[in-house]
Every structure is written in structure tokens, then in C-alpha cells.
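Numbering (the numbering used here), first residue to last: 1157 to 1604. Below: one structure, written as C-alpha cells.
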Ligand code: ASP
């Protein structure tokens, strides 16, 4: 029978009330059989996530300080949830083990992993589901890299004969038996791995927003939710800073062709965002706009190089690239003209080697002129439909021209999936608003 894997983030499990919502979501669809919880997150703006409380405990333990009060506060959070739910379980034994372990070996990853471990125990008991310790099935090599094949086999073996299970997110175990976590937000990755292992029809990732937004809500008022996005489009937007999902959560489901549905625990009736394979058949999809999303990032510099007859000089670009390579720099974009070349890089990474890079480029290619321009923002207009829609780029630039925004750089890849535009950092918010207005507010909804 087809199953769904459901992952719930920290804010979805922050208190008893959230647990109730989660249980009702799970119980409302009997395909939702495999559940991956995060640790309890923030209940209100200035609240502290259990994961952060655990890191703090571990730090104190590591420097020989007394952490009993900190641990007691964590225990109170779980006990609060347990008693508010009217449950009758005790985590005393688990907490005794954690205290002993932290005193003996205050390891950061082990400490942090306990947030998910304990929450998994509580949720499994509340749902009446089986509990599977992630340390039994999620396997890393000794450096902390996930061993996907081994993990998938271990999960399949462990769930044999089980109709359901709660598997805590965020951590696993190395081949040497040491608890390791993914990077922050890593329960998303666990959910994706479990979806792959159980061959889920869908991976539902429940959080506190109703999906990916077309643009940053701090810039555009009340932006639309993206209803469907391909993995590739998502990667473009995520690279530019739009984030809801852990980056490493894409691969395990993408390789298995499983869609991800971002959903809102606090608004379960919202359809959320569907993240689908690149070759997904969109013909059945309802209406959509020409572009899928807009995202921008500040903090770039461009190295502008000019030299007469540059285009005739064989190896010119290679020599410049070699300087970047020797200085450990990667670049973002490199539009060029006949006698000019301009390279966009992360300003922070460039800073420590700035003068060195300039002088080495001068030495290697003897340019007529070279300068660095700072304060550049890059914005990406992303959309799979741009390829088949004439005039998209013209409209992007018209919207910016009307706002008197000077475009410093343009880059459209051969995939025609995105247009990359460089503007002054101070122009970035207005550029995003104008493009949003042009494509979302003023565009009649079209057929996909
Ligand atoms: N609890 C962990 C964190 O705060 C992992 C997660 O929530 O996915 O990063």
C-alpha cells in the first residue's frame, strides 16, 4: 500500500497544542504512516529551541560546570507537553542516561540529538505508533557523511512487519558507533531519507508556513505561495537565499522521483507547495504565472577587467581563472564583452586576498584597466515557463527601467530557467517589488 512520510518541524511540535494538531493531521490520512519529528522549537518569538538548550548544556558539561539546572529546564519542557496532553509516561530514565553520558563524554552531536530522540518517544506514545531510534538506521561514515545505501537497507530491514513508526530526525550513528547529527535543520534530511527507504508516494514536510513564497515577505507584502516548483527551480531560488527546506533534503527524494509537499501545521487546509521532479508532467496543472519565484542576495563584488583585443588573446580567461583558483576563490558569474570581462564574487571571500588577486591579474594578463566594484546585489528571476514565453526578459528589464534602477550585470543561462541580474545593493528591494508587480500582480493568470 502506498504510504506517506510526514516530517514535522520544531514549531509544529513546540507544545501540547501543536502536538494535538500534528496528531489530527496524521490521523486524518491513514497513508501517513512514517513520522519524522524535530525537537520542540520556539513557542513564541523569544523562546529558546530545545536543541539550543541542549547545546548549551553540553558546553557547560564540557567545561566542567554544573548543568543540572539547564537539563532540568529541558525536562520541564517535555514534562509540560506530556502532562498537558494528559499522558502518563515518564522520561526519568532517559534523562538519567543523558546526564550520565554528558558528564562522561560531553559530545555536541550526542547532546543535540537528544531533542529529537525524546520528542520522538513522546510523539510515538501519543500516537500509539512504534518508535525507531534513528541511531539504529541512519548511518554515517566516520567523517559524518551519510551512507545512503546502508541507511536505506537498515531502514527497510527495521520496518519489516511494522505498520507505522516514529523515527526522530536530525541524527544517526557512525560506523564506529558515535552519534552524529546533520547540520542545523537536518530533520528535513532524515524525512527525505525515510521517504526514499519506504518508497513513499510523497514526502510531506510540515512547517509553520504554507509553502514557498514567490518573493521574500520582508520585501513584498503578502506574496503569493508557489503552488508547484521543480527541484531545479528550487535549487536556483534556494541558492539565492530563499530557504524553507534543508538543502541536503532534496537528493534522497529526487533520486527516487518522490515529490515533496511543504505544508503548514497551523493551516492544514492549505495545499502548500509541491516540489516535483524536473520532468514532471505539468499538463494537468492548474493555472500559473510566467515566473515561479524571485530571490536576491547582497554582498557581491565585481572585478572589472578591460584590455584592447582581449578576445584575440588565447588563454586570457584561463589566466584570470587561474589567479582565482590559486587564491581559493569561486566566482558566481562572468559576463564578458569584446574587450571587457567582469567577474562576480562573494565580497567576504574576496576581502582577505583582494590586493593579491588584483596584482596577480595585472601580472598575468596586463590589463589596460582593472577595478573592483563593491556593494552589488544579485537577483534571480526563476521560472521553467520562461523558456516558452516570449518577452519575459524584456518585461523584467522594463519593470526595472520604469523604477530607474540601473542594471549592472545580466546573465541568462542556456537552460533559460533563470535570469540573473546584478544591481546596487540599495536597489535590490525595489527591483524585487517591481518584478513581482510586473509578473504576479499585473499578469493575468495563464495556463501552465
Ligand atoms: N532540531 C534541530 C535544529 O534545531 C534539527 C531540526 O529541527 O531539523 O536545527
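All residues carry an ideal CB built from backbone N, CA and C; glycine is no exception.
The beta carbon of residue 1174 sits closer than 6 Å to those of 1168, all from its chain and outside the five residues before and after it, given in chain order.
For the set 1300, 1313, 1316, 1562, the Cα lying nearest the Cα of residue 1339 is the one of 1300. Excluding its 5 nearest sequence neighbours in each direction, residue 1596 has C-beta neighbours in its own chain below 7 Å: 1370, 1380, 1445, listed in chain order.
Taken through DSSP and simplified to helix, strand or coil, residue 1583 comes out as helix. In the DSSP assignment, residue 1307 falls within the unbroken alpha helix (DSSP H) covering 1304–1315.
Here residue 1318 is exposed: its Cβ has fewer than 16 other Cβ atoms, across all protein chains shown, within 10 Å.
The beta carbons of residue 1193 and residue 1279 sit closer together than 8 Å. Remark: three or more beta-carbon pairs, one from each stretch, lie closer than 8 Å, so the segment 1384–1398 and the segment 1450–1462 are flagged as touching. Residue environment for residue 1373: exposed (fewer than 16 other C-beta atoms within 10 angstroms of its C-beta). In this structure, residue 1282 places its C-beta atom within 8 Å of the C-beta atom of residue 1241.
In the three-state reduction of the DSSP assignment, residue 1555 falls in the helix class.
For residue 1421, the distance from the CB to the nearest heavy atom of the ligand ASP is not below 7 Å. With fewer than 16 other Cβ atoms inside 10 Å of its own Cβ, residue 1331 counts as exposed. In this structure residue 1419 is buried. Its beta-carbon is surrounded by 16 or more other beta-carbon atoms within 10 angstroms.
Bridge pairing for residue 1568: 1575 [DSSP]. In this structure, the straight-line span from the alpha carbon of residue 1490 to that of residue 1501 is close to 9 Å. Secondary structure note for residue 1389: its alpha helix (DSSP H) is the uninterrupted segment 1387–1395. Counting only runs that start and end inside the segment 1461–1542, the alpha helix (DSSP H) elements of at least 4 residues fall at 1472–1482, 1503–1506, 1510–1521.
Residue 1192 is bridged by DSSP to 1163.
The C-alpha of residue 1201 lies about 44 Å from the C-alpha of residue 1544. Boundaries of the beta strand (DSSP E) around residue 1335: 1335–1337. Rounded to the nearest angstrom, the Cβ distance from residue 1288 to residue 1321 is 5 Å, consistent with a contact under 8 Å. Looking only at 1436, 1157, 1400, 1399, the smallest Cα-Cα distance to residue 1415 is reached by 1436. With a threshold of 7 Å, the Cβ atom of residue 1291 does not count as near the ligand ASP, since no heavy atom of the ligand is closer than that.
Look at residue 1203: its beta carbon is at least 7 Å from all of the heavy atoms in the ligand ASP.
Non-local beta-carbon contacts of residue 1510 in its own chain, meaning distances under 8 Å to residues more than five positions away in sequence, involve 1528 in chain order. Within the same chain, and ignoring the five residues on either side of residue 1520 in sequence, the residues whose Cβ sits closer than 8 Å to its Cβ are 1475, 1476, 1478, 1479.
Distances taken from the Cβ of residue 1195 to the heavy atoms of the ligand ASP include one shorter than 7 Å. Counting C-beta atoms within 10 angstroms of its own C-beta, residue 1397 has fewer than 16 neighbours from the protein chains shown and is therefore classed as exposed. Excluding residues up to 5 positions away in sequence, 1160 lie with their Cβ nearer than 8 Å to the Cβ of residue 1185 in the same chain.
Here residue 1419 carries a strand assignment [DSSP, helix/strand/coil]. Under DSSP, residue 1296 shares a beta bridge with 1302, 1330. Spanning the alpha carbons of residue 1323 and residue 1276 requires a straight line of approximately 6 Å.
Scanning its chain for C-beta atoms nearer than 6 Å, with the 5 sequence neighbours on each side dropped, one finds around residue 1290 the residues 1323, 1324, 1327, 1328, in chain order. In this chain, residue 1360 is not harboured by any alpha helix (DSSP H); it is covered by the beta strand (DSSP E) spanning 1358–1363.
In the structure shown, the three-state DSSP call for residue 1322 is strand.
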